[in-house]
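Numbering (our numbering), first residue to last: 1 to 349.
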Ligand code: AMP
Ligand code: MG
């Protein structure tokens, strides 16, 4: 299949391109598009055969459900059995935006979209291109991240091209995304609501609105405990090709330990990658060193994480050593993804 790649500017939408992309979706095809979180791989969510093509293109296990993207609240009524009051409160504050909620699904949503579950994950994105495409494509787009299953999620169109060229009809290239990590997933069908995946909308932000909010225990433990409630979180996602190890502790001690492990590996003839920050980058002496952002603003770290992991795949390093991040605010989501990428391999100093 020839994949058409179209550049698109969210400040000046080209309605011809949006219309063509929408028609591909209406006819059961696949279009990758930018959202504020990561690039999504879209298909008509209410067309089971179309949704199945997503699994084939990504090599995604069929029990890993898709998120349905909508453009307005009316669209929600049709695909869910009930809308809890708490969901309306959250939607008013954080939709459109980087937050997904889990509802009981109505019969119009095929099981092919929900991985066989009776619940459906729904998000209303804020990215202008995503909104226009949802409307042009019939109102309901099932879209997971537009990467091959197991690779880091795409944060620019080049990443999508690497993984999806020849497998999908179209890529809408809207440049680099704003956030760089997938949406927060909140199960609002349970009381108290439970976070199944951390993201840019944090536990603190949700608690301010809802009172108590819990976090799926599986996110806090090492792998091998209870299975996570978001089926996708059980897979070793976001994995770079090289072995990744996270070093946590006091700033100077971390740099010292990373330098020590790096030297040890280099002496053995290994190629070593290092993930540092603007604050520490000058202190790394050997290895392939990449700056992921500044600790002064962890949104910069979220923004670069997946791109840096992909760059290390190109560099052909044998192992990657990364500093740990704060665990507060968006740093919590960064650490969740980083630890998953590392298979929970962490050294405390
Ligand atoms: P992705 O869009 O690739 O970031 O993946 C979507 C994530 O949403 C996966 O981790 C899924 O397991 C999760 N998800 C989608 N639908 C549901 C659902 N009905 N219940 C729980 N988790 C879900
Ligand atoms: Mg994904």
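Beta carbons are placed, not taken as given, at the ideal position from N, Cα and C, and that holds for glycine.
Extent of the continuous beta strand (DSSP E) to which residue i belongs
{"i": "residue 12", "result": "Per DSSP, residue 12 belongs to no beta strand (DSSP E) and is neither H nor E."}
{"i": "residue 248", "result": "243-248"}
{"i": "residue 103", "result": "99-104"}
{"i": "residue 323", "result": "319-323"}
{"i": "residue 290", "result": "288-291"}
{"i": "residue 6", "result": "4-7"}
Check: residue i C-beta below 6 Å from any heavy atom of the ligand MG
{"i": "residue 144", "result": "yes"}
As assigned by DSSP and simplified to three states, the class of residue i
{"i": "residue 37", "result": "coil"}
{"i": "residue 53", "result": "helix"}
{"i": "residue 200", "result": "coil"}
{"i": "residue 42", "result": "strand"}
{"i": "residue 123", "result": "strand"}
{"i": "residue 59", "result": "coil"}
{"i": "residue 233", "result": "helix"}
{"i": "residue 164", "result": "helix"}
{"i": "residue 276", "result": "strand"}
{"i": "residue 89", "result": "helix"}
{"i": "residue 156", "result": "coil"}
{"i": "residue 176", "result": "coil"}
{"i": "residue 281", "result": "helix"}
{"i": "residue 377", "result": "Outside the displayed range of the chain (1 to 349) lies residue 377, so it cannot be described from this structure."}
{"i": "residue 195", "result": "strand"}
{"i": "residue 218", "result": "helix"}
{"i": "residue 142", "result": "strand"}
CA nearest to the CA of residue i, picked from the options
{"i": "residue 74", "options": "201, 135 and 44", "result": "135"}
{"i": "residue 189", "options": "270, 27 and 83", "result": "83"}
{"i": "residue 351", "options": "310, 297, 259 and 114", "result": "As shown, the chain starts at 1 and ends at 349. That puts residue 351 outside it, with no answer to give."}
{"i": "residue 364", "options": "180, 288 and 122", "result": "Summary: the structure shown does not reach residue 364, with the chain confined to residues 1 through 349, and so no result is reported for it."}
{"i": "residue 351", "options": "278, 287, 282 and 88", "result": "The shown model of the chain, from 1 to 349, leaves out residue 351, and the question about it has no answer."}
{"i": "residue 306", "options": "240, 44, 200 and 14", "result": "240"}
{"i": "residue 104", "options": "118, 113 and 92", "result": "118"}
{"i": "residue 347", "options": "313, 254 and 335", "result": "254"}
{"i": "residue 278", "options": "144, 157, 265 and 295", "result": "295"}
{"i": "residue 142", "options": "316, 280, 289 and 66", "result": "66"}
{"i": "residue 40", "options": "163, 108, 81 and 212", "result": "163"}
{"i": "residue 338", "options": "301, 64 and 205", "result": "301"}
Host alpha helix (DSSP H) of residue i (start-end)
{"i": "residue 333", "result": "330-341"}
{"i": "residue 205", "result": "203-210"}
{"i": "residue 253", "result": "251-267"}
{"i": "residue 79", "result": "73-79"}
{"i": "residue 128", "result": "128-136"}
{"i": "residue 305", "result": "298-315"}
{"i": "residue 113", "result": "111-114"}
Residue i CB to nearest heavy atom of the ligand AMP below 6 Å
{"i": "residue 233", "result": "yes"}
{"i": "residue 76", "result": "no"}
{"i": "residue 240", "result": "no"}
{"i": "residue 119", "result": "yes"}
{"i": "residue 61", "result": "no"}
{"i": "residue 110", "result": "no"}
{"i": "residue 168", "result": "no"}
{"i": "residue 70", "result": "no"}
{"i": "residue 92", "result": "no"}
{"i": "residue 182", "result": "yes"}
{"i": "residue 65", "result": "yes"}
{"i": "residue 230", "result": "yes"}
{"i": "residue 102", "result": "yes"}
Distance between beta carbons of residue j and residue i, contact taken as under 8 Å
{"i": "residue 30", "j": "residue 169", "result": "6 Å"}
{"i": "residue 110", "j": "residue 146", "result": "About 21 Å separates the two Cβ atoms, so there is no contact after all."}
{"i": "residue 32", "j": "residue 172", "result": "7 Å"}
{"i": "residue 71", "j": "residue 139", "result": "7 Å"}
{"i": "residue 177", "j": "residue 13", "result": "So it is not a contact: roughly 17 Å between Cβ atoms."}
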